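Chemist: This note's numbering puts the first residue of the sequence shown at 806, with every later residue one more than the last.
Ideal Cβ placement from N, Cα and C applies to all residues, glycine included.
Quantities reported herein were computed from a predicted structural model and do not represent experimental measurements.
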Amino acid sequence: MAFFCYMVECQDGSYYTGWTIDPVRREKQHNQGAGAVYTRLHRPVHLVYVEELPDRSSAMKRERAIKRLNHDQKFNLVK
Numbered sequence: 806m807a808f809f810c811y812m813v814e815c816q817d818g819s820y821y822t823g824w825t826i827d828p829v830r831r832e833k834q835h836n837q838g839a840g841a842v843y844t845r846l847h848r849p850v851h852l853v854y855v856e857e858l859p860d861r862s863s864a865m866k867r868e869r870a871i872k873r874l875n876h877d878q879k880f881n882l883v884k
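1) What are the boundary residues of the alpha helix (DSSP H) that residue 847 is part of?
2) How is the alpha helix (DSSP H) around residue 865 delimited, first residue to last?
3) Using a Cβ-Cβ cutoff of less than 7 Å, which residues in the same chain neighbour residue 856 once the five nearest sequence positions on both sides are dropped?
4) Quick check: residue 885 and residue 884, are their CB atoms within less than 8 Å of each other?
5) So, for residue 844: in the same chain, excluding its five sequence neighbours on each side, which residues have a beta-carbon less than 6 Å away from its beta-carbon?
Right, here's the structure in full:
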C-alpha cells in the first residue's frame, strides 16, 4: 500500500499539509467539510503537491518536515 504526503492550497493562499492513502479522495473530503478544521474554515482547497512514500511512518515524517517550512519555502516546493 502506498502512502502520500500532500499539500492543498486554501482559498486565502495558505497551505495545509497532511498524509493519506488517497490524495484525490482526501481533497474531496476537505472541500466537503469532512477534513481538518483548518480547511473547513478556508475552503475551497485544491491539491497542489503530492509525494508518494513507502510507508505511513515516512509519510508522517515528511508531513512534519513540510509543516516546519515557511510559506515561501512551501511555495517553492509546489512550483
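Modeler: Taking the structure as given:
1) No alpha helix (DSSP H) holds residue 847; DSSP gives it neither H nor E.
2) Boundaries of the alpha helix (DSSP H) harbouring residue 865: 861 to 872, taken from the DSSP string.
3) Counting only Cβ-Cβ distances below 7 Å, and skipping sequence neighbours, we find 809, 810, 867.
4) Because residue 885 is not part of the residues shown, which for the chain are 806 to 884, the question remains open.
5) Taken in chain order, the residues that qualify are 821, 835, 850.
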